Each structure stands twice: as C-alpha cells, then as structure tokens.
Amino acid sequence: MAGNTFDGPAAAQTGHGGTQVNHFHASRPTKRRRTVVVLSIVGAVAVLVGAVLAVRLAGTGSAAPAASPNGLSLPSDLNLPSSSLPGSPGTAAVTPSGEVASPLSASGPAAPVPTSGRTAPSSPAGGVPPAAAAVPDGPTVAATGAHLYRITPGHTAVEEYTGKDGAWAKVRGAASGIFTSATTLYATDPASGDIEQYDRGRGTWTRIGNPGSGFAATGDHLYGLSVDHHGVFEYTGAGDSWKQVRGATDRIFTSATTLYATDPASGDIEQYDRGRGTWTRIGYPGSGFAATGDHLYGVSANHFGVFEYTGAGDGWKQVRGATDRVFTSRTTLYATDLTTGDIEQYDRGRGTWTRIGGPGATFAATDDHLYGVSPDHSGVFEYTGANGAWTEIGGPVAP
C-alpha cells in the first residue's frame, strides 16, 4: 500500500568512664562493708576497661566511604555535563586488565583458548546448557549493504526482499536469528544454535560455528560472543575455526571497520585495535550503541541523551536529547523518541533532527533504504524519502 504514513514500526560516640572514690575507715570493716568495697572496686575496674576499649575502638574504626566522584556514570547521573557521554572530560583512555583484557593484549592474564576445531561460542567443559535457556533468538530483520532479509512468523523461513512489488524470495528454512555484514548474511539454526553463512551466488549455506549469545560483523570480520559470555571470538574464515580476541563481555557492536564490547562488570564500552590485539576503554555504560561507517553513537543509560564518540580518548559530544533506541545505515543515524516512539533522522552536517515516521518494532537499513517493522510485526515498510511517507512491502515478521 503505497504512500502510507508509517505509524507502526537506588559517630559512634565514645563513652566517658568515671572512677568512684571509696572512703575506708581505720577500724576493721565489717563483712558487709568488705563486700561493698570489693564490689565497688570491681565496678570501677569495669568502667575503666570499658573506657579504654571504647577509645581503642574509636581510634581503629573504619572510615566512612568516600563520596562517589562526579561523572561516575554519565548515563545514570543527571548532574553530569551533557558534553561527556560515558566519560569524564580529560580522562585518558586506558587498556583494561584482568578478566576483561584481550588474551592478545600484554595486560592481564590470557583468557582460555578455545578447543581446537570448535567455534568461538562453544560452551565450557561440563556440558552444553539447554539451548532454550542459553541461546537467545537473534534479530528477525537485518540488512546487508544491498539486501533486506526477514524471518517469517514461527521462525519457519528466511526471505530476501527482491525490491519489486513487495515480492520476497525464500533463501533458507527455519532460523532463530539473522545477522549481517556489509555483504554477507548469517543465520542461526533453531535446533542446534549453530551459526551458518550464506553464499548468495550459489544459494547455499555452510555451518561455520557453534552457538553464541550474539554475533556482529565489520566489513571484513565476523565476531561471536560465547553463550556463557566468557569470551569474544573472531571467525578466521576457514571451516569452523575461530580465535579468541577478548575475555568476559556483556555485548558486542561493530562499525564497518571496528569491533566494540561492553564490560560485564562495569558496563564500560571498549574499542578493539585489531592490528595490535589490544582493547581501550572509551566510555562509560550506555543503554545501546550503533555505528555508521564513520561514527559510533551511544544512548545514555538513563535514555536522556544520544552521544557521538569524538574518536579521542573517552571524549563524547551530545547530539540529541531523550531517546529510546538508535539505528544506523552506512551514512545515517536514526533515533526513536522516548515518549512517542516516532523515528527521526539526523542531519549531521546541520546538527538537526527530522521526524520521518511513527513507532516501529525495529528498523534496518541497506546503503540506500530504511525499512521498518510495524509494532505488531504485521508488516514491513520502506521509507520513501519523503517526510512521513512509507510503502508497505511485505507481510508479517517473526517477533
């Protein structure tokens, strides 16, 4: 249906002890008086001991915790300056150490190397956890630079949009999730969780790895996060061979050239230097990140702002206010309004935002086109390029 307006897609006080003075008569005291004297002496000693202990305890007590520094976490602290997304101005980037360090980095202990012949996201020794609990479904809509893909309801098939009259072509049977690089489609098997790669020219699929909790790709490399989140792996391009490039990780994101990962303990985002095999912290936590071909963007943890990474240290600049989610194409940033859900497009040259559509369940973009899925997943829409105008190009999509 052409020309539709897309309205879908938390001091101690020290006591003062006093000594009671007893006056004794020269005459021999009676038994009762002797008892009183003894009790008085015992009482005085007890008071003195108590006073000494109180003083010693007061002198060795734990100091009150220091106040949290300003800028602890941009996304959650409303008092932080808007010009600094996840970092404090002037804070130098650092290479992480310990369990989050890349095994290829000189800092921190090396992460365990995966068993030869097994994929990046292979499960640790001791058995594979139940697939339903350990391997989440992936995205059901994704795009390469040139093609849009979707998973049909029930996860029964993967289809490619032909670009003509709302026609879709089946390219695969059942899949639990789909992922893309600029040129390649990947899918995860709903039964095994294994990841497979699509050869579009031949129309064939090849298994390249075991299950993972998530996958992301640059223009040249595919990365997988293990099911247990204990490691990030890079696909070597041969068979099902993967090499570990990082330890414990929460999430991974990619631009056309760069891999990013968030630390599972701090939530900080780090950038991978593939040539050196090192990781550098570039910001504090965010609720989500997305990248165009040239720029990385993050939504603050409290959703009160969108920030663009400057590329220097942990420097970020704010480009937008309250936002729910961000999406990107190769050249453009899109954001959904926190209140209305409407999608808006960013003109980076002018620093302005324009509303181009209503709410959607999700969005995906090729190099030239933006697509949205209606909130109820009943249809797929293509943005025409005219403000607010979308064309329906397909039926329901798996949630």
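So this note's numbering is basically just the index in the sequence shown, starting at one, shifted up by 18. The beta-carbon is built from N, C-alpha and C at its ideal position, and this holds for glycine as well. On a predicted model such as this, the values are computed, not experimentally measured, just so you know.
In this structure, T354 places its C-beta atom within 8 Å of the C-beta atom of T341. Rounded to the nearest whole angstrom, the C-alpha separation of T357 and V337 is 18 Å. Sorting R269, G293 and T206 by C-alpha distance to the C-alpha of T275 places G293 at the top. For the set G172, T170, P171 and A187, the Cα lying nearest the Cα of E178 is the one of A187.
Non-local beta-carbon contacts of F233 in its own chain, meaning distances under 6 Å to residues more than five positions away in sequence, involve F197 and G242 in chain order. The beta carbons of A161 and A175 sit about 17 Å from each other, so the pair does not count as a contact at 8 Å. Nearest to S396 by alpha-carbon distance, out of I411, A407 and V263, is I411.
Taking C-beta atoms as the reference points, P208 and S194 count as a pair closer than 8 Å. DSSP lists G316 and Q336 as the bridge partner or partners of F325. The residues P27, F345, Y352, I361, L388, Y389 and G390, in chain order, have a CB closer than 7 Å to that of F381 in the same chain once the five nearest residues on each side in sequence are set aside. If you draw a 10 Å sphere on the C-beta of D268, you find 16 or more other C-beta atoms in it, and that means buried. The Cβ atoms of V153 and S244 do not sit closer than 8 Å to each other.
For T158, there is no enclosing beta strand (DSSP E), as DSSP marks it with neither H nor E. Of the residues assessed, G301 falls on the buried side of the cut-off, its CB having 16 or more other CB atoms within 10 angstroms.
Excluding residues up to 5 positions away in sequence, A274 and R348 lie with their Cβ nearer than 6 Å to the Cβ of G311 in the same chain. Taking every protein chain shown into account, the CB of R220 has fewer than 16 other CB atoms within 10 angstroms, so this residue is exposed.
Per DSSP, the unbroken beta strand (DSSP E) holding Y253 starts and ends at V250 to Y253.
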